[in-house]
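Asks:
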């Protein structure tokens, strides 16, 4: 495998609390994992104030998880994740074969609360998934249709908007597109998973800037028995390749949410997230 | 032989006994059904000395098997990899919690607690109908049932040799000791309850006192440094083992159910780090899974090389094409179960009871997600005699058996909890839908020597010091104290105002009119029910005050109203409900009824409101009196009384500021001073002590400075000084704590006050300025105390300053 691209990603999350927080517990899924396409060379995490407990482990899906807690009063929490990722795989095939199927693939067929489908979603899926078509061909078609039929509308949905509403309104953001595609694929009985990651934001002059800039990105992956897992980005209508960096995956957003936290406080808070994907080579 | 009359009489005795012991079962979504009394059929379910060893062996085998399955599912997953158990039975089950994968409990076993619902079919065979593996309930009720039966029917126990329940509880304590992290000796064990509104809360508090484990709620615990700590009055205490009575996903909002208010954030991390053990381990809900049934026999062969001793009911898991076809073809004759309870709807259906339309709906649901459904042959459950409303009838019975795992193996309770359906036609037996319980007697070949269930003395008795009181209980006791006085103070002032308005109507002079207005405005300010008589739109209300007065009395949705305060009071009481006696509950019930009345706005209605206030005042005074008898001094009393004294002080200051500070002419001021004395029950006291007409100076003397008047501010401050000194304090801290500083300052201010100066005012002054400043300063000092106490003892936010 040869080095195709090299990225430096800075992901900064800042919480400001109106009432000081006495204790907080957090789980981060922000360190990119290794895949057949990418190698994560380095991850540096800076947390302010200094956490009292930090633990690193791998979750059920093999994603890297960092748990930390802060046990002194604080009014602001800043989490800075810097990662260096080499893209080494070919641009079109995202081959990752699990070792035998002890459910590692089948579990991605079942409904989850975030990917619950109804008849409308199944019908929408059937247009792409027709007899005689290969899984990858159908998934590609589904990606194109979602890209064309749906209007990318930040602020219209929240992370808890059900996909049934997304398909009715034909609006959403990358998470909604990914969840919808996953619900479609599962409704016809095939495995699909949710991928969390980043996309390179600086494009050559004269080329339109890609959506998903300066934020976390999400797309979906479908399993083809012959080819393995294959990624599709319905937000940009493209097969993720040199411009996509994977953090990890799960059955839906809930499995791979970038940051989850519980605070002991009575007040409200403000949140600021900034993402910078810089290409080094 | 007992006669029918005798049996009926004993039956009534037993019900009374259970009620007096406060045995209840809560029904969700039914406010009237909260604390529904537990019902027990006097006729026990008998298991013979020949049959029991067979049942017991079957249960022990099943517990061992389920333990191995649980360890495998969250560990190596051999059953799945070797094709013995289909992937979908596990992976499509909502109870398979991926964050729990790879976690191992110290000790020999994963499944510490297990309960099985057994049924006897008409041919006499025993079947397992349900497995309970998350937080099995019922063992405490079984014990309480047995206690009631031995008291009411002692002679039966002499004739028949009935096995004891206590070995099970002994094993339970051992089983929990066995899983202590790093083999710690004498581990600190707590029972984690979802709270007092949970259906089986009675049992949680019963087991807590029987086993000597502290009963805690999620917010009593905190995760720090990857360990779990119990917040107590004395500080943070490390917890080693948690016996949880909470479903899996509620245990940790950080990694499981995000919006769970019941759990402990970070708990799973502490478990993962091996610093705390939970029984049953989080994730064990995966075994409450009818989809496992058809595979239990092959699994038993695989793990144990044994056949199942208690066969499973014939079951067809619809995740396989042939089985799906069979279930769809025989739908009306089968019992249909979802492999896990859906968030909306029930988990099992008797397909025979469905209409054609419902059947076709069910068929569609099964076809949409076949792997979520199981069809089961219906067992024809045998009936047993039951005493229903004085008559012996025949009812079907489910028998719940309890097992506990220790390092020596599993131990089954020789007995259990039986339930019979409320009607005769029900296929599903559940306490949620009503039903009667029964004691289960396992007969013994030998004579059993001790007849009563003896309470085992805990091996390590918990000292009854205030240091050990969980912060959450402490905080609620403190609030019960505050709300007691808030209800009492508001009721008394409201009564004083209403009386004045009722009488003033008959005697309209300028001073009485003005006094009435001042009192009404003071009421709004005192009770904090703005706008009321003091804010926007007050002019009309001052002319016709009764509608507003009634609202301040009875509108439970209005913050500051008497009913609102009463509801807060009630809530706080429920949070610590094991502290109150039966008599206390009766008083509370009557108070509750007073607030349910619909009172018209007529002359008759006015009198009715006054009578209601009279009653409420009597009841709340009775409540205070009952507390003195029933609450242990060490544990709760101090906090409750600190709450009372602080509230009394703050209310008194507020009353004086809202009534006596403004200058409004001698006649009006006289009336207002009289009202202050009346609403503090101090008018008689005043007359007795001073034998003079009412003056501001003497009113202040009585209400602020008289150390012998139990309603005076000095009295409250003196009591607070004593109580606060008794709160746990680090012996190394020789300087004053923040609350000690506040109370000392308040005390000094009171002692140094110049009584004559307080009543000084120039002819043009609109208020007694010195008095107002004095009261404001006192209020500032005293109102700071609850905050400091809360931070120090309830929330543990203040870092020890050493």
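Chains as they are written, first to last, in the working numbering: chain A, 37 to 317; chain B, 684 to 1485.
From the three backbone atoms N, C-alpha and C, an ideal C-beta is built for every residue, glycine too.
(1) What does the alpha-carbon distance come out to for the pair residue 1272 of chain B and residue 1393 of chain B?
(2) For residue 195 of chain A, count neighbouring Cβ atoms within 10 angstroms of its own Cβ and tell me buried if that reaches 16, exposed if not.
(3) Give me the chain A residues within the contact set of residue 775 of chain B, using Cβ-Cβ distance strictly less than 7 angstroms, ordered along the chain.
(4) Here's a check: name, in chain order, each residue in its chain whose Cβ is nearer than 6 angstroms to the Cβ of residue 163 of chain A, leaving out the five neighbours to either side.
(5) Residues in its own chain within less than 8 angstroms of residue 1357 of chain B by CB, not counting five upstream and five downstream?
(6) Looking only at its own chain, which residues have a Cβ that is under 7 angstroms from the Cβ of residue 1063 of chain B, when we skip the five neighbours before and after it?
(7) Would you please state the rounded distance, in angstroms, between the beta carbons of residue 1121 of chain B and residue 1101 of chain B? I believe it to be under 8 angstroms.
(8) Using the C-alpha atoms, what's the distance from residue 1306 of chain B back to residue 1265 of chain B?
(9) The beta strand (DSSP E) with residue 228 of chain A in it runs from where to where?
(10) Could you check whether residue 1300 of chain B and residue 1406 of chain B sit closer than 8 angstroms to each other, using their CB atoms as the reference points?
(11) Taking Cβ-Cβ distances shorter than 7 angstroms, what residues in chain A pair up with residue 1564 of chain B?
(12) State buried or exposed for residue 1312 of chain B, treating a residue as buried only when at least 16 other CB atoms are found within 10 Å of its CB.
(13) Taking only the alpha-carbon atoms, compute the straight-line gap between residue 779 of chain B and residue 978 of chain B and give it to the nearest angstrom.
(14) Which residue marks the beginning of the alpha helix (DSSP H) containing residue 893 of chain B, and which one marks its end?
(15) Closer than 9 angstroms, Cβ to any Cβ of chain B: which residues of the segment 99-116 of chain A, in chain order?
(16) Let me check one thing: in DSSP terms, what residues is residue 82 of chain A bridge-paired to?
(17) Less than 8 angstroms between the C-beta atoms of residue 1020 of chain B and residue 973 of chain B, yes or no?
(18) Looking at residue 1090 of chain B and residue 861 of chain B, is the spacing between their C-beta atoms short of 8 angstroms?
(19) Are residue 208 of chain A and residue 186 of chain A touching if we call contact CB-CB under 8 angstroms?
(20) If you count every other CB in all the chains shown that lies within 10 Å of the CB of residue 1191 of chain B, and 16 or more means buried, which is it?
(21) Quick one: is residue 168 of chain A near chain B, going by C-beta distance under 8 angstroms?
(22) Hey, would you say residue 750 of chain B sits closer than 8 angstroms to residue 1088 of chain B, going by beta carbons?
(23) Residue 298 of chain A versus chain B: which residues are under 7 angstroms apart at the beta carbon?
(24) Who are the neighbours of residue 154 of chain A on chain B, taking C-beta pairs under 9 angstroms?
(25) Whole angstroms are fine: how far does the CA of residue 796 of chain B sit from the CA of residue 742 of chain B?
(26) With a threshold of 6 angstroms on Cβ separation, who are the neighbours of residue 722 of chain B within its own chain once the five nearest residues in sequence on each side are excluded?
(27) Express the C-alpha separation of residue 310 of chain A and residue 83 of chain A in angstroms, rounding to a whole number.
(28) Quick check on residue 1015 of chain B: buried or exposed, where buried means 16 or more other Cβ atoms within 10 Å of its Cβ?
(29) Between which two residues does the beta strand (DSSP E) holding residue 284 of chain A run?
(30) Span of the beta strand (DSSP E) holding residue 290 of chain A?
(31) Can you check whether the C-beta of residue 763 of chain B is within less than 8 angstroms of a C-beta belonging to chain A?
(32) With H, G and I counted as helix, E and B as strand and the rest as coil, what does DSSP make of residue 1253 of chain B?
(33) Which chain B residues are close to residue 222 of chain A, counting only those with a beta carbon under 9 angstroms from its beta carbon?
(34) So the candidates are B/1079, B/1086, B/1006; which of them puts its Cα closest to the Cα of residue 807 of chain B?
(35) Check whether the Cβ atoms of residue 1457 of chain B and residue 1429 of chain B sit closer than 8 angstroms, and answer yes or no.
(36) Indicate whether at least one CB of chain B lies closer than 8 angstroms to the CB of residue 88 of chain A.
Replies: Here's the rundown:
(1) 28 angstroms
(2) exposed
(3) 146
(4) none
(5) 1366, 1377
(6) Only 804, 805 meet the Cβ criterion.
(7) 4 angstroms
(8) Per the coordinates, the alpha-carbon of residue 1265 of chain B lies some 11 angstroms from the alpha-carbon of residue 1306 of chain B.
(9) Residues 228-235.
(10) no
(11) The first residue shown for chain B is 684 and the last is 1485, placing residue 1564 of chain B beyond what the model contains.
(12) exposed
(13) Using only the alpha carbons, I get a separation of about 17 angstroms.
(14) 884-894
(15) 103, 105, 107, 108, 109
(16) A/116
(17) yes
(18) yes
(19) yes
(20) exposed
(21) no
(22) yes
(23) Under the 7 angstroms cutoff, chain B gives 936, 937, 948.
(24) Listed along chain B, no residue sits closer than 9 angstroms to residue 154 of chain A by beta-carbon distance, the nearest being about 10 angstroms off.
(25) 12 angstroms
(26) The beta carbon of residue 722 of chain B lies closer than 6 angstroms to those of 1119 in the same chain, with the five residues before and after it left out.
(27) 15 angstroms
(28) exposed
(29) First-last of the beta strand (DSSP E) with residue 284 of chain A: 280-286.
(30) Taken as a continuous stretch (DSSP letters only), residue 290 of chain A belongs to no beta strand (DSSP E), being part of the alpha helix (DSSP H) at 289-292.
(31) yes
(32) Residue 1253 of chain B sits in a helix when the DSSP states are folded into three classes.
(33) Chain B residues near residue 222 of chain A: none, gap ~11 angstroms exceeds 9 angstroms.
(34) B/1079
(35) no
(36) True, the Cβ-Cβ gap to chain B drops below 8 angstroms.
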